[in-house]
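For what it's worth, full-length UniProt numbering labels the leading residue of the sequence shown as 1, then goes sequentially. Backbone N, C-alpha and C define an ideal beta-carbon position, used for all residues, glycine too. Have a look at the structure below, then the notes.
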Amino acid sequence: MMVEAEEEGAPSKEQQQQQQQHQLSSSPGGQEDTQPAAPAEGTEERAEHTQPPAPAEGMEKRAEHTQPPAPAESTEERAAAGVIGEARLQHSDYSVESPLVQFKIRRFFVLRPGTLNQAIKDVEALVDQEVDGSVHSLWLMAEVDHWNNEKERLVLITDNSLLVFKYDFIMFNCEQIQRIPLNLVDRISCGKFSFPKRALIEREGEGVRVFWDRLREPSFTSRWNPFATDFPFITFTHHPVRNVSDTFAALCDIQKFREQLKDAAQKVHALRPVPGKANGVLVLNQPIHIEAFVGLMSFLGNQNKLGYCVARGNIGF
């Protein structure tokens, strides 16, 4: 009985071998199933797939595209280039014209705002309606005397007279009036200036000389007197400010002045002839001769514009 019990309690060799085989066969399978290798790899793969590298790169690319560095830089560069180019253009124009503009605007008082209008009112108020008649035109001229000195003048052509005003554009005051009856004007010369052969001076440009007594010649004393005023003629030339604007170009046009003076004088000759004098106006195109040789006085005066109302700077200490 005991032997049978032992036999029943103790497994047989075959059963032991079967159990060992079963354990051997089950142990690898259990280990493989219990190892998380495959699930770990799958998890890593899913983690890699769940990571948003591509969307992040896309967002970065979109962010790069949405950033406006290039347009902003190009716009700024174009704007800067335009501003610099305009500034350079203005600077170049100003640097070229600034000496001339300063010379004409800041020195000559006739160019100051309102100065010319006030001067016109002042000289027109001095016109005698009974003697001179109504005003036809006004001119801004430079008178050239027999010693080649320039003097700033306002000239009026009226019905009966040629009025020459020495006007102070600084103090707004008329200092001198010269009245020339138009029925006495007998000759008008227009042309370039000429000097004696041995003269040391010269003058460029053209002028107009008005004669009113062809029979009377200036005396020797008058010719050598720089302050003589008894000459039977008067000479005009362009004012230095004639190129400032169209308005001043019209006021300083000596050709139109000659034409209007000729027409006005011929009308007066027809209406009021002078007894014993040939009526009519002779217009000549010939050089205007000035009998001056050295001209040191006129050179200094004309270079410094002593005959004009100009600003001469601060004088004193």
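Rounded C-alpha distance that separates residue 176 from residue 276: 31 angstroms
Beta-carbon proximity list for residue 252, same chain, < 6 angstroms, skipping 5 on both sides: 140, 238, 239, 242
Classification of residue 224 by the beta-carbon crowding that lies within 10 angstroms, buried from 16 upward: exposed
Own chain residues within Cβ distance below 8 angstroms of residue 297, not counting five before or after: 147, 149, 226
Residue(s) in a DSSP beta bridge with residue 206: 192
For residue 269, three-class secondary structure by DSSP: helix
Residue 329 - containing alpha helix (DSSP H), residue span: Because the chain here runs from 1 to 317, residue 329 falls outside it and cannot be looked at.
Start and end residues, alpha helix (DSSP H) containing residue 250: 246-251
Residue environment, residue 110, which counts as buried when at least 16 other CB atoms sit within 10 Å: buried
Cutoff 8 angstroms; reference residue 301; Cβ partners in own chain excluding five residues on either side: 149, 150, 307
Sub-7 angstroms separation of residue 134 and residue 159 beta-carbons: yes
Residue 182, buried or exposed, once every other Cβ within 10 Å from all chains shown has been counted against 16: buried
Coarse secondary structure for residue 235, derived from DSSP in three states: strand
Pair within 7 angstroms by beta-carbon distance, residue 191 and residue 285: yes
The region 108-122 contacting the region 161-180, beta-carbon criterion three pairs below 8 angstroms: yes
Neighbour-count burial assignment, residue 293, 16 or more Cβ in a 10 Å radius: exposed
Cβ pair residue 161, residue 260 closer than 7 angstroms: no
Proximity below 7 angstroms, CB of residue 180 to CB of residue 212: yes
Residue burial classification, residue 229 (beta-carbon count within 10 angstroms, cutoff 16): exposed
Contact set for residue 107: own chain, Cβ-Cβ below 6 angstroms, skip 5 residues either direction: 310, 311
Complete runs of the beta strand (DSSP E) confined to the region 124-164 [at least 3 residues]: 135-144, 150-158
Residues bridged to residue 187 [DSSP beta-bridge criterion]: 211, 282
Closest Cα partner of residue 235 within the set 205, 244, 250: 205
Residue environment, residue 217, which counts as buried when at least 16 other CB atoms sit within 10 Å: exposed
Per-residue DSSP class, three states only, for residue 180: strand
Check whether residue 266 and residue 281 have beta carbons under 7 angstroms apart: yes
Coil, strand or helix - residue 175 by DSSP: strand
Inter-residue spacing [alpha-carbon to alpha-carbon] between residue 222 and residue 115: 35 angstroms
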